[in-house]
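Encoded as C-alpha cells, the structure appears first; notes follow it.
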Amino acid sequence: MKQFLLFVLLGPSLGGLVLFILVLPALAFAAGEGIRFSLVQLQAWAVTLPAFYLLGVVPASIVGLLDAFLRQRRLALPVRILFCGAAGFLAGFFPAIAAIAMGFIQGPWLVLLGLPGLVAGAGCSALAGAICKLTRP
Numbered sequence: 000m001k002q003f004l005l006f007v008l009l010g011p012s013l014g015g016l017v018l019f020i021l022v023l024p025a026l027a028f029a030a031g032e033g034i035r036f037s038l039v040q041l042q043a044w045a046v047t048l049p050a051f052y053l054l055g056v057v058p059a060s061i062v063g064l065l066d067a068f069l070r071q072r073r074l075a076l077p078v079r080i081l082f083c084g085a086a087g088f089l090a091g092f093f094p095a096i097a098a099i100a101m102g103f104i105q106g107p108w109l110v111l112l113g114l115p116g117l118v119a120g121a122g123c124s125a126l127a128g129a130i131c132k133l134t135r136p
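Numbering that gives the first Met the number 0 applies: residue 0 is where the sequence shown begins, and numbers increase by one.
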C-alpha cells in the first residue's frame, strides 16, 4: 500500500517536472524557437502542480496498480521498471487525448507527450522497489 501511495503522490509531480524541463523546451525547439531554460519554468511548475495532480492521479494510480500486480507475481525489479515505464508512457497520452483527437498536436513530436509518464512510471517503480528491499526483513 505504501508503494501505491508513492505512485499517486510522487508520479504527477515528477511527470510535471519532466514536462517543464524537457518536453516544453523540445516542443519550442520544434516550433523554431531556441531552447531556453529559466527559473520561470520552475515557478510555472509550482503554480501548475494542482493541475498535474488533477490530470495525473488516474494514470499514476493505474501504473501503481500495475507495479503492485507485477510485484505480487514476483517479477524482477528491472522487468517491473520496464513494464511500468512503458505503461507510464502510454498513460502519459491520457491528459492530451482531446487535443490529439482534434488535431492540435500532430507529427513526430507527439511522442514527447509520453516522456513524462515514462520517467514518472519508471522512477516511481524503481523507488518502490528500493523501498521494498529496504523494508523487507
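No residue lacks a Cβ here, since even glycine has one placed at the ideal position from N, Cα and C.
CB contact check: residue i to chain B, cutoff 8 Å
| i | result |
| --- | --- |
| residue 135 | Included in the structure is just one protein chain, with no chain B present. |
Alpha-carbon spacing of residue i relative to residue j, whole angstroms
| i | j | result |
| --- | --- | --- |
| residue 111 | residue 134 | 35 Å |
| residue 59 | residue 101 | 25 Å |
| residue 127 | residue 104 | 33 Å |
| residue 92 | residue 86 | 10 Å |
| residue 88 | residue 113 | 4 Å |
| residue 77 | residue 130 | 14 Å |
| residue 84 | residue 125 | 10 Å |
| residue 37 | residue 73 | 43 Å |
| residue 43 | residue 79 | 32 Å |
| residue 94 | residue 75 | 30 Å |
| residue 65 | residue 82 | 8 Å |
| residue 142 | residue 122 | Outside the modelled stretch of the chain, which goes from 0 to 136, sits residue 142, for which no answer is possible. |
| residue 51 | residue 107 | 24 Å |
| residue 22 | residue 109 | 10 Å |
| residue 57 | residue 26 | 25 Å |
| residue 1 | residue 90 | 21 Å |
Distance cut-off 7 Å: residue i Cβ against heavy atoms of the ligand ZN
| i | result |
| --- | --- |
| residue 100 | As presented, the structure is devoid of all ligands, the ligand ZN included, so that no description of it is given. |
Outcome for residue i when other beta-carbon atoms lying within 10 angstroms are tallied against a minimum of 16
| i | result |
| --- | --- |
| residue 115 | buried |
| residue 117 | buried |
| residue 96 | exposed |
| residue 14 | buried |
Integer Cβ distance of residue i from residue j, believed to fall under 8 Å
| i | j | result |
| --- | --- | --- |
| residue 63 | residue 3 | 4 Å |
| residue 40 | residue 61 | With a Cβ gap of about 28 Å, residue 40 and residue 61 do not count as contacting. |
| residue 119 | residue 17 | 7 Å |
| residue 12 | residue 53 | Actually they do not touch by this definition, with Cβ atoms about 12 Å apart. |
### contact_flag[the stretch 4-12, the stretch 69-81] where n(CB pairs < 8 Å) is 3 or more
no
### Message
Closer than 8 Å is the cut-off here; do at least three beta carbon pairs connect the stretch 121-134 with the stretch 18-36?
### Response
no
### Query
Where are the alpha helix (DSSP H) runs, 4 residues long or more, that stay fully inside the stretch 24-106, in chain order?
38-46, 48-71, 76-90 and 96-101
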